[in-house]
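For reference, the structure is listed below as structure tokens.
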Amino acid sequence: MMARWARLNDARVLVAGCGVGMYARQIQTRFTAAVAAFDIEMSRVKSARAYGVPALAAAGESIPFSAGTFDTVLSHEVIEHVADDRLSLQEMLRVAKPGGRILLFCPNRWYPFETHGHHWRGEYHFGNTPLINYLPAPLRERLAPHVRAYTAADILRLLPPEGAEVIHHARIYGGYDNLIARFGAPAVFLRDRLHRLEGTALDTWALSHFVVIEKSSLIAAQEGNTPS
Numbered sequence: 001m002m003a004r005w006a007r008l009n010d011a012r013v014l015v016a017g018c019g020v021g022m023y024a025r026q027i028q029t030r031f032t033a034a035v036a037a038f039d040i041e042m043s044r045v046k047s048a049r050a051y052g053v054p055a056l057a058a059a060g061e062s063i064p065f066s067a068g069t070f071d072t073v074l075s076h077e078v079i080e081h082v083a084d085d086r087l088s089l090q091e092m093l094r095v096a097k098p099g100g101r102i103l104l105f106c107p108n109r110w111y112p113f114e115t116h117g118h119h120w121r122g123e124y125h126f127g128n129t130p131l132i133n134y135l136p137a138p139l140r141e142r143l144a145p146h147v148r149a150y151t152a153a154d155i156l157r158l159l160p161p162e163g164a165e166v167i168h169h170a171r172i173y174g175g176y177d178n179l180i181a182r183f184g185a186p187a188v189f190l191r192d193r194l195h196r197l198e199g200t201a202l203d204t205w206a207l208s209h210f211v212v213i214e215k216s217s218l219i220a221a222q223e224g225n226t227p228s
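Going by this note's numbering, the first residue of the sequence shown is number 1, and it counts up by one from there.
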């Protein structure tokens with residue numbers, strides 16, 4: 001799916017918020033890509049390096065690469081955690097080449113569960129919590145202040161007024177690997193049926209947004225060549 005919408009072969013690819021490096025490593029091994037990566041947590045950077053991923057410790061709001069460096073930037077379920085999501089997206093656009101693309105995955109506000117858990121009476125409760133995302137924003141933010149969830153309009157508000165264009169937007173269901181590990185074939189059946197709903201009105205309740213953003217030459221012309 002990623003390769004359909006962005007250049008990975010013979011490309012410079014940045015994984016923004018790489019975690020332990022699994023996506024970066026898969027891109028390295030499946031494609032002829034020169035991969036770079038960063039994460040804010042040093043322990044994860046070390047894990048990524050153990051996989052052979054050249055990872056740095058950095059924050060998404062200040063990416064340590066020059067403007068116009070990468071053909072493709074992947075941000076997979078990361079932007080909802082950063083301190084400033086708009087600035088983080090601006091930084092991804094800055095380090096992308098003119099015509100380069102951002103592959104952005106982020107939580108769908110209308111998914112029936114908040115997968116990152118919630119806070120209640122001073123305690124954090126891990127796991128899937130139903131219906132939190134359907135609450136008005138002030139109430140939702142009290143229960144889940146540690147993570148965002150996005151509507152399509154929320155994502156558009158992150159983009160600069162000019163110089164970047166959404167060329168593809170889809171809502172996708174998950175892989176449900178944990179359920180498959182626990183329940184086997186019935187969970188595989190459920191996953192496959194949910195995937196068939198993608199691209200229909202019933203993907204309104206899918207797990208994540210998948211957004212492809214292309215950087216135009218206009219925004220590139222306004223940038224310098226040094227990291228912000």
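We treat Cβ as the ideally placed atom computed from N, Cα and C, and that holds for glycine. Note that this is a predicted model, so its numbers are computed, not measured.
Residues near residue i by beta carbon distance below 7 angstroms, same chain, minus five either side
i: Thr132; result: Note on residue identity: the sequence assigns Ile, not Thr, to residue 132. Within the same chain, Ile132 has close Cβ partners Glu114, His118, Arg140, Leu143 and Ala144.
i: Leu158; result: Asp85, Arg86 and Leu89
Span of the beta strand (DSSP E) around residue i
i: Asp71; result: Phe70 to His76
i: Ile213; result: Ser208 to Lys215
i: Glu80; result: Element bounds for Glu80: n/a, residue is neither H nor E.
C-beta contact flag for residue i and residue j at 8 angstroms
i: Val241; j: Ala6; result: Because the chain is modelled from 1 through 228, residue 241 falls outside the range shown and cannot be assessed.
i: Ile213; j: Glu165; result: yes
i: Ile172; j: Glu198; result: yes
i: Val20; j: Arg4; result: no
i: Phe38; j: Ala57; result: yes
i: Tyr137; j: Arg94; result: Rather than Tyr, the amino acid found at residue 137 in this sequence is Ala. Cβ atoms of Ala137 and Arg94: not closer than 8 angstroms.
Alpha carbon of residue i to alpha carbon of residue j, nearest angstrom
i: Ser228; j: Gly60; result: For Ser228, the predicted structure reports a pLDDT of 46, less than 50, and the residue's modelled location is therefore unreliable. The matter cannot be settled from this model.
i: Arg196; j: His116; result: 25 angstroms
i: Pro186; j: Phe105; result: 27 angstroms
i: Lys215; j: Leu14; result: 15 angstroms
i: Val188; j: Gly174; result: 11 angstroms
i: Thr226; j: Pro112; result: With a pLDDT of 44 at Thr226, under the threshold of 50, the predicted position of this residue should be treated as unreliable, though the coordinate-derived value follows. Going from the Cα of Thr226 to the Cα of Pro112 covers about 42 angstroms.
i: Ala181; j: Asn108; result: 24 angstroms
i: Leu74; j: Gly17; result: 9 angstroms
i: Thr129; j: Ala206; result: 15 angstroms
i: Lys97; j: Pro64; result: 15 angstroms
i: His76; j: Arg121; result: 31 angstroms
Start and end residues, alpha helix (DSSP H) containing residue i
i: Ile40; result: Counting along the chain, Ile40 falls outside any alpha helix (DSSP H), and DSSP gives it neither H nor E.
Cut-off 8 angstroms between Cβ atoms - residues of its own chain near residue i, not counting five sequence neighbours on either side
i: Leu190; result: Tyr176 and Leu179
Nonlocal neighbours in the same chain, by C-beta distance under 6 angstroms from residue i, ignoring five residues either side
i: Gln28; result: Val35
*Are at least three pairs of beta-carbons, each pair with one atom in the stretch 27–43 and one in the stretch 8–17, less than 8 angstroms apart?*
yes
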